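Notes for the one structure printed next.
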Amino acid sequence: SALLPLVINTWSFNTATQRAWSTLQSGGSVLDAVEKGCAQCEVDQCDGSVGYGGSPDEHGETSLDAMIMNGNTMEVGAVADLRRIKSAISVARAVMEHTRHTLLVGESASMFSQNMGFLSEDLTTNNSLSIHAKWLANNCQPNFRKSVFPDPETSCGPYKPTERRQSKKLKNLKQRINYRSHD
Amino acid sequence: TIGMIVIDKNGNVAAGTSTNGANHKIHGRVGDSPIVGAGAYADSTAGGAAATGDGDIMMRFLPSYQAVEYMRMGLDPTISCQKAVTRIQVYYPKFFGALVCVNRTGSYGAACSKTPGFNQFHFMVQSPALNEASEHMVDCI
Chain F
13 SALLPLVINT WSFNTATQRA WSTLQSGGSV LDAVEKGCAQ CEVDQCDGSV GYGGSPDEHG
73 ETSLDAMIMN GNTMEVGAVA DLRRIKSAIS VARAVMEHTR HTLLVGESAS MFSQNMGFLS
133 EDLTTNNSLS IHAKWLANNC QPNFRKSVFP DPETSCGPYK PTERRQSKKL KNLKQRINYR
193 SHD
Chain E
14 TIGMIVIDKN GNVAAGTSTN GANHKIHGRV GDSPIVGAGA YADSTAGGAA ATGDGDIMMR
74 FLPSYQAVEY MRMGLDPTIS CQKAVTRIQV YYPKFFGALV CVNRTGSYGA ACSKTPGFNQ
134 FHFMVQSPAL NEASEHMVDC I
């Protein structure tokens with residue numbers, strides 16, 4: 013088809029598209045292109061939602077999720093809640109190519125990464141520290157907790173569970189969440 | 014998050030995602046990106062799709078898998094993306110999310126869910142039909 017080959021990706025992440033395309037043009041496979049394209053975004057920290065130093069959690073730590081899928085064989089490799097490893101998409105590919113599993117998570121995924129030769133390093137940056145500090149200063153808003161005490165809409169934790177409630181406030185809360193904070 | 018689909022000239026399809034997730038998430042939270050069929054899906058006999066947005070919602074509907082299955086049934090990629098979005102909107106009318114879809118012959122499209130502050134979705138495409146990587150945009154539904 014005159015339409016092929018083709019690279020398509022979410023958001024305006026130009027350098028990722030170009031990297032995937034150049035990988036394909038230089039003889040790389042579609043998996044190589046996906047890995048290199050996504051890896052470029054990890055290096056570029058695309059809009060702060062990809063790679064190290066973005067989206068700190070309640071503890072101020074950045075963790076990464078990634079997945080790669082071969083549409084011919086239906087093989088998949090994925091990592092979730094990966095800590096201290098920058099190359100999440102490459103670890104996902106290592107899961108696909110060096111294990112019989114599909115998804116590794118958390119500290120164990122980090123350990124697997126190190127065993128596979130990936131460098132362990134702090135994912136924190138001045139920017140992620142600043143985002144976290146502002147969140148703490150703003151009474152931990154926005155906040156993903158619900159039905160806990162103290163009220164997560166006005167207070168930081170630690171939290172204890174209360175009775176379940178479905179309030180309108182939760183819907184309002186969602187609207188305050190930053191649209192650059194996305195999966 | 015980035016979600017990416019690549020198809021070579023022989024019709025081989027691959028998909029991938031990478032993300033650092035949601036700001037201020039609870040320690041240990043995982044979104045849709047690493048979940049097969051949620052963050053992305055690829056099947057060389059049908060096409061590929063990738064999702065982005067509020068993963069806590071989107072991962073409940075496997076929208077990427079759903080969109081690829083629509084394309085397998087012969088639906089246009091844009092329609093497939095839209096139908097995957099509207100299935101979620103039945104339960105969450107104003108959820109924040111978007112999809113890109115491409116079928117096995119290289120036709121592509123996208124769709125997004127309209128919510129306050131999010132009316133359009135931008136995505137990137139490169140193919141022989143385009144001189145360079147090109148930014149595209151769709152209005153949300």
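Going down the list, the protein sequences come from chains F and E.
Residue 140 in this note's numbering sits at position 128 of the first sequence, with consecutive numbering throughout.
Residue 112 in this note's numbering sits at position 99 of the second sequence, with consecutive numbering throughout.
From the three backbone atoms N, C-alpha and C, an ideal C-beta is built for every residue, glycine too.
A quick note: this is a predicted structure, and the numbers were derived from the prediction, not measured.
Of the residues the options, the one placed nearest residue i, counting alpha carbons only
| i | options | result |
| --- | --- | --- |
| F:A92 | E:I48, E:A124, E:A142 | E:I48 |
| E:R117 | E:F108, E:L88, E:I70, E:E145 | E:L88 |
| F:Y191 | E:A142, E:S140, E:Q139, E:F109 | E:F109 |
| F:R157 | F:N150, F:C168, F:F25, F:T136 | F:C168 |
| E:G68 | E:T32, E:A124, E:C153, E:P106 | E:T32 |
| E:H40 | F:S99, F:H71, F:D44 | F:H71 |
| E:P129 | E:G119, E:P106, E:M72 | E:P106 |
| F:K48 | F:T27, F:S67, F:D195 | F:T27 |
| E:S57 | E:A123, E:N144, E:V115 | E:V115 |
| E:G34 | E:I70, E:A97, E:T91, E:K127 | E:I70 |
| E:R100 | E:M86, E:I15, E:T14, E:S126 | E:S126 |
| F:R112 | F:V88, F:Q52, F:G60, F:T35 | F:V88 |
| F:E54 | E:I20, E:T91, E:L143, E:G29 | E:G29 |
| E:D21 | F:G40, F:L141, F:T166 | F:G40 |
| F:V62 | F:T35, F:W33, F:I97, F:L116 | F:I97 |
Whole-angstrom distance between residue j and residue i, CA atom to CA atom
| i | j | result |
| --- | --- | --- |
| E:Q133 | F:N127 | 43 Å |
| F:N138 | F:A104 | 27 Å |
| F:V19 | E:R42 | 30 Å |
| F:R95 | F:I80 | 18 Å |
| F:F161 | F:T174 | 6 Å |
| F:V107 | F:S159 | 37 Å |
| F:T29 | E:M84 | 23 Å |
| F:V42 | E:G60 | 13 Å |
| E:I18 | F:C50 | 10 Å |
| F:L185 | F:N84 | Caution is warranted here: a pLDDT of 49 is assigned to F:L185, below 50, making its placement in the model unreliable, and no coordinate value can be reported. |
| E:A53 | F:T74 | 22 Å |
| E:G44 | F:D195 | 6 Å |
| E:M72 | E:A64 | 9 Å |
| F:D44 | E:M137 | 18 Å |
| E:I15 | F:C58 | 8 Å |
| E:M150 | F:T22 | 10 Å |
Range covered by the alpha helix (DSSP H) that runs through residue i
| i | result |
| --- | --- |
| F:G118 | 118-127 |
| F:G65 | Unbroken run through F:G65: none, as it is neither H nor E. |
| F:I101 | 100-110 |
| F:H144 | 138-149 |
| E:A124 | Per DSSP, E:A124 belongs to no alpha helix (DSSP H); it is in the beta strand (DSSP E), 121-126. |
| E:V19 | Premise fails: E:V19 lies in the beta strand (DSSP E), 15-20, not in any alpha helix (DSSP H). |
| E:I48 | No alpha helix (DSSP H) contains E:I48, which DSSP labels as neither H nor E. |
| E:G68 | 68-71 |
| F:N26 | 26-37 |
| E:S77 | 76-85 |
Cross-chain neighbours of residue i in chain E, by beta carbon under 8 Å
| i | result |
| --- | --- |
| F:N155 | H37 |
| F:V117 | V43 |
Where residue i meets chain F, residues with beta-carbon distance less than 8 Å
| i | result |
| --- | --- |
| E:S120 | L15 |
| E:D56 | G83, M86 |
| E:V113 | I20, N21, T22 |
Contacts that residue i makes with chain F (C-beta to C-beta distance below 7 Å)
| i | result |
| --- | --- |
| E:I20 | L16, P17, L18, V42 |
| E:I15 | N21, T22, W23, F25, A28, C50, C53, C58, V62 |
| E:N132 | Chain F residues near E:N132: none, gap ~11 Å exceeds 7 Å. |
Exposure of residue i, with buried meaning 16 or more beta-carbon neighbours within 10 Å
| i | result |
| --- | --- |
| E:H37 | buried |
| F:D134 | exposed |
| E:N23 | exposed |
| E:E148 | exposed |
| E:A146 | buried |
| E:V81 | buried |
| F:K146 | exposed |
| F:D77 | buried |
| F:Q37 | exposed |
| E:P141 | exposed |
| F:A121 | buried |
| E:Y104 | exposed |
| E:L143 | exposed |
| E:G122 | buried |
Residue i, enclosing beta strand (DSSP E) - first and last residue
| i | result |
| --- | --- |
| E:D56 | 53-56 |
| E:N116 | 110-116 |
| E:S31 | 26-32 |
| E:E148 | 147-152 |
| F:D93 | 88-94 |
| F:C58 | Unbroken run through F:C58: none, as it is neither H nor E. |
| E:V103 | Unbroken run through E:V103: none, as it is neither H nor E. |
| F:D77 | 76-82 |
| E:Q139 | 133-139 |
| E:N23 | Taken as a continuous stretch (DSSP letters only), E:N23 belongs to no beta strand (DSSP E), as it is neither H nor E. |
heavy atom of the ligand NAD below 7 Å from residue i C-beta
| i | result |
| --- | --- |
| F:N138 | In the structure on display, the ligand NAD does not appear, and there are no ligands present to speak of. |
Interface residues of chain E facing residue i [CB-CB closer than 7 Å]
| i | result |
| --- | --- |
| F:D77 | T32, G34, V43, G44, S46, P47 |
| F:E175 | Going along chain E, no residue has its Cβ under 7 Å from F:E175, so there is no contact; the nearest lies around 20 Å. |
| F:G39 | The premise fails here: F:G39 is roughly 10 Å from chain E at the closest Cβ pair, so nothing lies under 7 Å. |
| F:V46 | M17, V19, A27, A28, G29 |
Partner residues on chain B for residue i, Cβ-Cβ distance less than 8 Å
| i | result |
| --- | --- |
| E:F136 | Here the protein chains are F and E, and chain B is not one of them. |
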